[in-house]
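Each remark here refers to the structure printed beneath this line.
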Amino acid sequence: MDPSTVDDTTTTAASEALADRLEDMAMSAPRHQDGQSGHGKRGGGGKAGKRGGGGGGGGREGGRDRREVDLSKALSRLLRHQAGNAGVELDREGFASLDRVLQWGPLRSLAPAFPEILNAVHNSDKQRFALKPNPATNPALDESSTDPSHWLIRANQGHSIKLDSEHLLKPLAPPSPADGAQPEGTLPIPPVVVHGTYFAFWPAIVASGGLKPMGRNHVHFSVGLPEDTEAGVISGMRRDAEVLVYVDVAASIAEAGIKWWMSDNGVVLTEGAAADGLVPLKYFKLVEGRRQGVGLLWKDGEKVADLPEGLKFRAPQGKRGGVVEGGVGVAGAGEVSP
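Residue numbering for the sequence shown is 609 to 946, as defined by this note's numbering.
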């Protein structure tokens, strides 16, 4: 789970610490229906790997084996945040050699068997990872190989490690005004692009002028609500989000030149404007609450209403801190994206 924060006083370190806590929490949550990943890589919608493998056990957490949770957390931490410190080289698409990944201390101590890696890739509810044959060591691209050195693995999104978005993600673009054709090498802008946040963070979003990635490379958006299975929503928003921020992507591209992307697991991403990394309030076409009877807050770039007095501001589900009455609630905390 990845955070996007809007409080300029929040340090990158604090943002990353919050992200790690929330990521741990999210990976312990119950799994939902699997989605599909794209670009032909072994991730997401592929054939599910077998459970089990390299030992371990230790009970279940939220419907998942503790060992599965630990493995997913370790892969996320390394591939999103710690590869450089661990001496694990990522290519320009964010892939690393699986055998090298498995030598990292926390993963080496887990000693996962190859079927467990397949399970972590294919059965992740958020489709966090992708796996593909390594042409340098597996020139036949043999997908039946169980040799870790024959495979490359990556996190699909959520990085704080600096990567080139053009190689990791697919760009979004509006149709050509000349003939209405989709520009080559781009994906169409989804009908819905929405960011989920919390009452506790909304005042800081307004005060700072919009959304920012801060400790991560991108602000994260979904193509629908988490329960919208018909739209193929896999990731991009936590299920307990209290505020929905719908963004006019086309206007932000046309007017501010903001770049937008889509990951293999269907998350819409942006670095924000080049000058300040901001997705400005003027491109918030609709903001509404989805808890405690809170209605319309923002429309067409303009404020409609403030949050009601006496509203209970809750920290994200599972986070320490509980309920705060009528205040920002999570002082200095970064915002959250899955």
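Backbone N, C-alpha and C define an ideal beta-carbon position, used for all residues, glycine too. What you are looking at is a predicted structure, and each value in this text was computed from that prediction instead of being measured.
Check, Outcome
"So, for P821: in the same chain, excluding its five sequence neighbours on each side, which residues have a beta-carbon less than 7 Å away from its beta-carbon?", "S612, V827, E879, G880, G885"
"So for H803, helix, strand or coil by DSSP?", "strand"
"Who pairs with G880 in a beta bridge, going by DSSP?", "Paired residues: none, contrary to the question."
"With which residues is V827 paired in a DSSP beta bridge?", "T878"
"Would you tell me roughly how many angstroms separate the C-alpha atoms of A789 and L776, rounded to the nearest one?", "24 Å"
"Taking the alpha-carbon positions, what's the G909 to Q711 distance?", "49 Å"
"Could you tell me which of L905, D678, V875 sits nearest to L889, measuring between CA atoms?", "L905"
"Touch check for the stretch 674-682 and the stretch 750-759: three-plus C-beta pairs under 8 Å?", "no"
"For L795 and V855, what's the separation of their Cα atoms in angstroms?", "17 Å"
"Below 6 Å CB to CB, which residues in the same chain sit around R708 once its five sequence neighbours on both sides are set aside?", "V696"
"Just how far apart, CA to CA, sit P743 and I813?", "45 Å"
"Taking the CB atoms as reference points, tell me whether L852 and V895 lie closer together than 8 Å.", "yes"
"Could you give the DSSP three-state label for R922: helix, strand or coil?", "strand"
"List the residues that DSSP assigns as beta-bridge partners of G818.", "P888"
"Answer yes or no: do L686 and L760 have a C-beta to C-beta separation smaller than 8 Å?", "no"
"Which residue marks the beginning of the beta strand (DSSP E) containing P723, and which one marks its end?", "Here P723 belongs to no beta strand (DSSP E); instead the alpha helix (DSSP H) covers 722-730."
"Would you call the CB atoms of H767 and N727 closer than 8 Å?", "no"
"Closer than 7 Å by C-beta to L749: which residues in its own chain qualify, once you throw out the five before and the five after it? Chain order, please.", "P741, P743"
"Is R762 helix, strand or coil when you go by DSSP?", "strand"
"Would you mind reading off the limits of the alpha helix (DSSP H) that contains K681?", "674-684"
"Taking just the CA atoms, how far does V800 sit from I769?", "28 Å"
"Which residue marks the beginning of the alpha helix (DSSP H) containing A858, and which one marks its end?", "857-864"
"Rank A719, R700, P747 by C-alpha distance to the C-alpha of A763 and give the top, closest one.", "R700"
"Under a three-way DSSP split, which group does W712 fall into?", "coil"
"Classify N693 as buried or exposed, calling it buried when 16 or more other Cβ atoms lie within 10 Å of its own Cβ.", "exposed"
"Once DSSP output is grouped into helix, strand and coil, what is the label at E704?", "Reading off the sequence shown, one finds Ala at residue 704, where the question assumed Glu. Residue state, collapsed to three classes: strand."
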